[in-house]
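Note that the protein sequences, when read in sequence, are chains A and B.
Per full-length UniProt numbering, the very first residue in the first sequence carries number 1; after that it's consecutive.
Per full-length UniProt numbering, the very first residue in the second sequence carries number 1; after that it's consecutive.
Cβ atoms here follow ideal geometry from the backbone N, Cα and C, with glycine treated the same way.
Working notes for the structure below.
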Amino acid sequence: MPRITISGTGAVSPAGWGVPALMEALDGGARPEAGEIVREIPGHEAVRTAVLRVPPAPATLPKSPRLRRVSPVSKFAVAAAIEALGPERMERVMAGEIRLGVICALMNGCVNYSNRFFGEVLADPAVASPILFPETVFNAPSSHLSALFHSTAPNDTLLGDTAEIYTALEVATEWLLRDDCDGVLVVVPEELDWLSAEALNLYAEGCLPAEGAAALYLEKDGEGPAITNIPDPVALGPGCDRAAALREVMAATGASDDGATLLADSRSGVARFDAAEPGWKGERFSVREVLGESFTASSGMQVVVAVEELRRGRASRALVTTLGGNEQAAGCLLER
Amino acid sequence: MAYSADRSYPAVLRPVAITGAGILTSMGDDWAGNATGFRAGRTAFKPVTLFDVSRQRVGTAGQVDLPESVAGIGGREWQRMDRGTRMALIAAQEALAMAGLSGGRMPVAVGTSAAAMPVGEQYYLQATQGRSRRQQLTRVETYQPQYQMAAMMRALEVQGPLRILSNACASGANAIGHAFQMVSEGKAERVLAGGYDALCQLVFAGFDSLQALSPSGIPRPFDAARDGLALGEGAGFVVVESLEGAQARGAKVLAKLLSYAAATDIHHLTQPHPEGDAALTTMERATRAAGLEPGQIDYINSHGTGTPLNDVAEANAITRWAGDAVGGIKVSSTKSAIGHLLGGAGAVESVLCLIALREQFLPASLGVREMDPAVKFDLVQQPREVAVQRVLTNSFGFGGANATLIFEL
């Protein structure tokens, strides 16, 4: 049985473009300065929403006809994916030596262009822009990734709550074991817009909306931590015991609170959600407490940081768990 | 489901059966209604009344008449479901009932493109009009597809991991394909799989803006002068089960699901490669995996939208795939009768393939006046009573998602 390894990581976050910026922010523990989205509504008080934005894109992003007019979510996805692949592997993928599968997991998706397009439709559907519409579709970012890397291997976009990345990782293991491809990029990009920022605030007052992307490159027997276990997610029905659901996932991974396992949890700093997160004897870190809530991207960053900490030698085992918003509690166990 | 590093990958794949199927389209709200309509060669397009289309080029679609309620589902529960989820629930209920199941533990794989966007539109309107935020709070959650599908699963009393695929118009086929793989590889004993999409203004206006909708409202797939697609709505679901398990519990096997293949067309975000490269790949892989030659496929339910670029690409792909056997390959597009169901299309068309197999007739490609010269196969233009043993269905989507499924009686 081959080891399924995570041999590449990438990230775009309010801390900056790249995994080093992400790690630096978490090591420092200081939240980047929040900005604000102000939305004027004629005849009503303006709606102001505090948010954590990704800084302006560096000039190093590739130039491609596909990326000329894309929503921010696709730019985040591309940058994180390129970092996770790395230059050498990217060259081999583009040369057709590596069959690259792509899986994007999203909750929010291309909300920016959807919002703009719907605004145009409501103003006058007869003149709504045909350029915007194709970018409103959930699988636009994953499509751009396959096109950019010239990969005709399978490409799936999965929808779910903030814990959807674990399903994406599981599907990636299926593809690798079945030999559908030689490597799989799992990318979890999310973007901000007043529509999603206000929505998050309605649902979870006190949560700081954010954006970004995380990318993981999976292959068989590569360099890097291996995925040991991805248990079935536990459904979160109305009125369910969220803490019990999370404990069930943790137990199913086979990880124990032995003081030697690193926990990447999903605490956000919002007391009513964090109450369900368990006590933990060993080290733990919380991406959302520092970098806000960027939906599936935050969960992807949890995995990225766990991989990086294993590489640094801070632990030999890492448990990553996410208590999703309204669908599932899920997680995975990684070993160095 | 689940992954564990110490579990070995199966050396032998299990045969897979379909034991239940459910369908809801503008043609009818169940298997019988659709079978009757397609056998009669009817179309089911009507003026769109769900939202204002007065400023758009096209005003018709395959709009579904949804019931006010469904037996066994509480009023409040029903009200909280968006239009698409209600359709999915009805189709999934039929599939489970046909399979002799009443809920239970099984993974659910669902394909959708717009998902609960009608609720999202209400949320947007409420936000931009500055009205009370109380209702917004409900809408912000209920327009998320996972929330709606989780609600459907609770209503069906199905417990299991949920996998929602959104690969545009191939989503429904991809969902059934994932279910096939889970069952054949022993990750699940059975999976409830399907796809759905409801008409909504954002998507309707989107296709209109691309000038992809037929101005006449009549889609004519594979017609030389075809001028666009018609949208439809609905849902299709199947119970995908190991053949051995199905036989052991005495379930009626509707058909065997022989294979699934997926590939990505990287030519353009919305246009297929003119020669249909990715479609060729999926058809070749699916037939090879099933151990079949193209000549052994009795019928292809094509993606066949009625848009100029799509139909030619698919016709070219079929010609390249079939080679010398192309003249004997029978093909039709059921979108000519019910429209393009987007994320639901692949699942609904899979159920139509099952109907063709079980009822031994081929549904037609309607509205063809003069055949496109790219068509080298036998385009079925009238419903045809014929022996059908094996069928193949193609689905292609924006972003280059391509999928093929093969069923056998």
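Item                                                                                                                               : Value
Per-residue contacts from A/Ala126 into chain B (C-beta, under 7 Å)                                                                : Arg55 and Gln56
C-beta neighbour in chain B for residue 356 of chain A, strict 8 Å                                                                 : Summary: the structure shown does not reach residue 356 of chain A, with chain A confined to residues 1 through 336, and so no result is reported for it.
Cross-chain neighbours of B/Pro363 in chain A, by beta carbon under 8 Å                                                            : Simply none; closest approach about 28 Å.
Neighbour-count burial assignment, A/Ile131, 16 or more Cβ in a 10 Å radius                                                        : exposed
Exposed unless 16 or more other CB atoms sit within 10 angstroms - verdict on B/Gly74                                              : exposed
Min CB distance B/Arg83 to chain A below 8 Å                                                                                       : no
Meets three-Cβ-pair contact criterion under 8 Å: the segment 175-192 of chain A and the segment 262-272 of chain A                 : no
Endpoints, the alpha helix (DSSP H) within which residue 423 of chain B is located                                                 : Only positions 1 to 409 of chain B appear in this structure, which leaves residue 423 of chain B out of reach.
Within-8 Å CB hit, B/Met1 to chain A                                                                                               : yes
Best match in B/Glu121, B/Val70, B/Glu275 and B/Thr393 for proximity to B/Phe51 [C-alpha to C-alpha]                               : B/Glu121
Nearest to B/Leu392 (by Cα), restricted to the options B/Gly344, B/Ser336 and B/Lys330                                             : B/Lys330
Cβ distance (whole Å) where B/Arg105 is taken to contact B/Gln159 below 8 Å                                                        : 5 Å
Whole-number beta carbon distance between B/Val203 and B/Leu341, since they are thought to touch under 8 Å                         : About 11 Å separates the two Cβ atoms, so there is no contact after all.
Cβ of B/Gly130 within 8 Å of any chain A Cβ                                                                                        : yes
Contacts around A/Val93, its chain only, beta-carbon distance under 6 Å, and the 5 residues preceding and following it disregarded : Leu100 and Phe149
Cα-Cα separation, B/Gln63 to B/Thr305                                                                                              : 17 Å
Through-space distance from B/Phe407 to B/Arg220, alpha-carbon basis                                                               : 26 Å
Every unbroken alpha helix (DSSP H) inside the segment 244-301 of chain A [4 residues or more]                                     : 271-274 and 287-291
Proximity winner among B/Thr43, B/Thr36 and B/Asp29, relative to B/Ala230 (alpha-carbon distances)                                 : B/Thr43
Distance cut-off 7 Å: A/Glu289 Cβ against heavy atoms of the ligand COA                                                            : This structure does not include the ligand COA; it has no bound ligands of any sort.
Beta carbon proximity, A/Pro62 to chain B, threshold 8 Å                                                                           : no
Beta carbon of A/Ile103 nearer than 8 Å to that of A/Gly183                                                                        : no
Straight-line Cα distance separating A/Leu310 from A/Gly254                                                                        : 18 Å
Among A/Arg3, A/Ser7 and A/Gly28, the one whose alpha carbon lies nearest that of A/Val287                                         : A/Gly28
Interface flag, A/Gly35 vs chain B, CB-CB below 8 Å                                                                                : no
CA-to-CA distance, A/Val137 to B/Asp29, given in whole angstroms                                                                   : 27 Å
Identity of the residue in B/Gly33, B/Ile18, B/Arg80 and B/Ser214 nearest B/Ala151 by Cα                                           : B/Arg80
Rounded C-alpha distance that separates B/Arg14 from B/Leu243                                                                      : 8 Å
Those residues which DSSP pairs with A/Ile4 across a bridge                                                                        : A/Lys220
Short CB-CB distance (under 8 Å) between residue 339 of chain A and chain B                                                        : In the structure as shown, chain A begins at 1 and stops at 336. Residue 339 of chain A is therefore absent and cannot be evaluated.
Chain-ordered neighbours of A/Ala21 on chain B, where CB pairs are closer than 9 Å                                                 : Ordered by position in chain B, no residue passes the 9 Å Cβ test against A/Ala21, which lies about 30 Å from the chain.
CA-to-CA distance, A/Tyr217 to residue 344 of chain A, given in whole angstroms                                                    : Past the edges of chain A, shown from 1 to 336, lies residue 344 of chain A, and the structure says nothing about it.
Pair within 8 Å by beta-carbon distance, B/Gly399 and B/Asn167                                                                     : yes
A/Leu122, enclosing alpha helix (DSSP H) - first and last residue                                                                  : Val111 to Ala123
Neighbour flag for B/Arg163 against chain A, beta carbons, 8 Å                                                                     : yes
Cβ neighbours of A/Val127 in the same chain (closer than 8 Å, five flanking residues each side left out)                           : Glu120
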